[in-house]
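First up is the structure itself, then whatever we jot down about it.
Protein chains in written order, with this note's numbering: chain P, 19 to 131; chain D, 294 to 740.
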């Protein structure tokens, strides 16, 4: 089964250096779950301004890892939170994002560089 | 090459670190990552060469950070790298002085890399220009540019010293060849405006119908042949100095246009509507007597007073006494150095000849006379016969000898006899004197 992410872009950012790629994966695994946790919390609190800001912040990292299904979902969360319309859809979207990202974290932790 | 210091200000730790590592692939880049505006501002003492700034930061928006930075570092290139795909935000930021704006996407990596490359090249060129400007400034230090120690020239130094301390308009007058443009340059390169351009324009060198567009610029389509917008000399000299040479030759119509621009401190390009504010220091020069021109009605009185500012009247070389010798030695040394020749001395007779001449062409003429003398002298000494004056102002030179009337008569008669192949009758006729006068002088060995 194909991985839900792609390390090629990160690799190109660090000039293909395996050591640096490894460090970047470690950084991603240590920071992104926390960011997603904050986003989930903001959604639970129905704090849509914070939700928008956090979704906006996480977006480039998701893009650079090319986590395809999450790329569109995070944009949807960002747009809904910004417009503050149909915000009831956001928790469900976030649930899907967390599920996919959990799998991403699990597989990335197993990466052998 | 020096390290090129880059600040990456990005609140997403992972993405910020990624950009940092990418830019650090060039070992000449010294990249620092800050996760918020406060950290960035706190570290500005490190003097970054450019900043990649996220638009939306947790403690401040990008436009505010940029404004704060530009207050102290107005020319620092700031690239806004944003997740914000809003054209209006981008346009506003660019208007406010962002160097560039781009959205975080698949091209970010390459765009940032390229823009750093461009800014590095520009910074390197700017440093080179600054160094050259400094060298030019040194070249134009008063004592390096204006040689001499006569009281007349010391007075000029004192006036120039006053001119550099303010942005006052300076009017330089003096005979041709006295060094009016050099004085203007020396004032500019020793003034606060020294890092900005010095633009010189000679009013007589531009045809009358073109002078307005030369000075004020023109818009595309302003007249036949105006295929593109052209910036005028006033705008080119923005923040610096515009030197208008031979201002006395400007026609009355153009004088009134110039007066309006100077009064309003703004101009409109020919064929345009946009008003451009002026921040240009003006130095004007003329070899005419402008007071006389005003009296004759060929120069506007109101413009005269507007341009007068600090008047500096350069003395003619003949009134500068020993400066002639100082300048002669300087020109010898310069010419010999340029032509890889051993420096030559000036014999006492040659010195005497140099000191007696009237120099209607002033310093420019002295330089030409000296350069020719260096070329003509085979040995290490410039002698009397190597010093040749070709000035058309022979009468004043003749009178400079300060002889008695009787001696002048002898010289005149001798000159015409030689010219007429010693034909006494022809000479007497031409000078309207009796032939016996000539014979008597010949008999007495006076001629």
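Beta carbons: idealized from backbone N, C-alpha and C, even for Gly.
Closer than 8 Å at the C-beta level to chain D, one finds these residues of the region 72-104 of chain P: 74, 75, 76, 77, 78, 79, 81 and 82. Listed along chain P are 42 and 45, each with a C-beta nearer than 8 Å to that of residue 310 of chain D. For residue 464 of chain D, the enclosing beta strand (DSSP E) has its first and last residue at 463-466. About 7 Å separates the Cβ atoms of residue 563 of chain D and residue 510 of chain D, confirming a contact at the 8 Å cut-off.
For the beta strand (DSSP E) assignment, the uninterrupted runs of no fewer than 3 residues enclosed by the region 489-573 of chain D are, from N- to C-terminal side, 491-495, 534-538, 559-561 and 568-570. Relative to residue 544 of chain D, the option among D:666, D:683, D:329 and D:500 whose CA is nearest is D:500. For residue 74 of chain P, same chain residues with a beta-carbon under 6 Å away, outside a window of 5 residues either side, are 96 in chain order.
Secondary-structure assignment with DSSP links residue 401 of chain D through no beta bridge to anything.
In the structure shown, residue 391 of chain D falls within a coil segment according to DSSP collapsed to helix, strand and coil. Using beta-carbon distances, residue 33 of chain P counts as an interface residue toward chain D, with a partner under 9 Å.
At least one CB atom of chain P sits nearer than 9 Å to the CB of residue 349 of chain D. Taken in chain order, no unbroken stretch of alpha helix (DSSP H) lies wholly in the region 656-684 of chain D with a span of 4 residues or more.
Using a CB distance cut-off of 9 Å, residue 21 of chain P does not count as an interface residue toward chain D.
With its beta carbon at least 9 Å from every one in chain P, residue 321 of chain D lies outside the interface.
Take the alpha-carbon of residue 414 of chain D and the one of residue 373 of chain D: they are about 19 Å apart. Going by DSSP, residue 345 of chain D is part of the beta strand (DSSP E) stretching over 343-347.
Contact between the region 325-333 of chain D and the region 373-391 of chain D is absent: fewer than 3 CB-CB pairs across the two stretches fall below 8 Å. Interface flag for residue 38 of chain P against chain D is set, since a Cβ pair is found closer than 9 Å.
Between the beta-carbon of residue 569 of chain D and that of residue 534 of chain D there is about 17 Å, and that puts the pair past the 8 Å contact cut. Residue 386 of chain D and residue 91 of chain P have their alpha carbons spaced roughly 29 Å apart. Straight through space, the alpha carbons of residue 637 of chain D and residue 625 of chain D are spaced by roughly 7 Å. The criterion of a C-beta distance shorter than 9 Å is not satisfied by residue 78 of chain P and residue 313 of chain D. Boundaries of the alpha helix (DSSP H) around residue 116 of chain P: 108-127. Selection D:573, D:696, D:663 and D:672 evaluated against residue 683 of chain D yields D:663 as nearest (Cα-Cα). Interface residue (Cβ-Cβ distance to chain P less than 9 Å): residue 363 of chain D is not classified as such.
For residue 306 of chain D, the chain P residues whose Cβ falls inside 8 Å of its Cβ are 45 and 49, in order along the chain.
Collapsing the DSSP output to three states places residue 364 of chain D in a helix. Within the same chain, and ignoring the five residues on either side of residue 131 of chain P in sequence, the residues whose Cβ sits closer than 6 Å to its Cβ are 36, 39 and 40. Taking residue 565 of chain D as the centre and dropping the five residues before and after it, the same chain places the C-beta of 512 closer than 6 Å to its C-beta, in chain order. Chain order gives the chain P residues near residue 318 of chain D as 32 and 33, where near means a beta carbon separation below 8 Å. For residue 430 of chain D, the secondary structure class from DSSP, reduced to helix, strand or coil, is helix. Note that the C-beta distance between residue 607 of chain D and residue 428 of chain D is not below 9 Å.
Beta-bridge partners of residue 483 of chain D (DSSP): none assigned. With a cutoff of 9 Å on beta-carbon distance, residue 356 of chain D and residue 303 of chain D are scored as not near each other. One thing to note: residue 311 of chain D has its Cβ no nearer than 9 Å to the Cβ of residue 70 of chain P.
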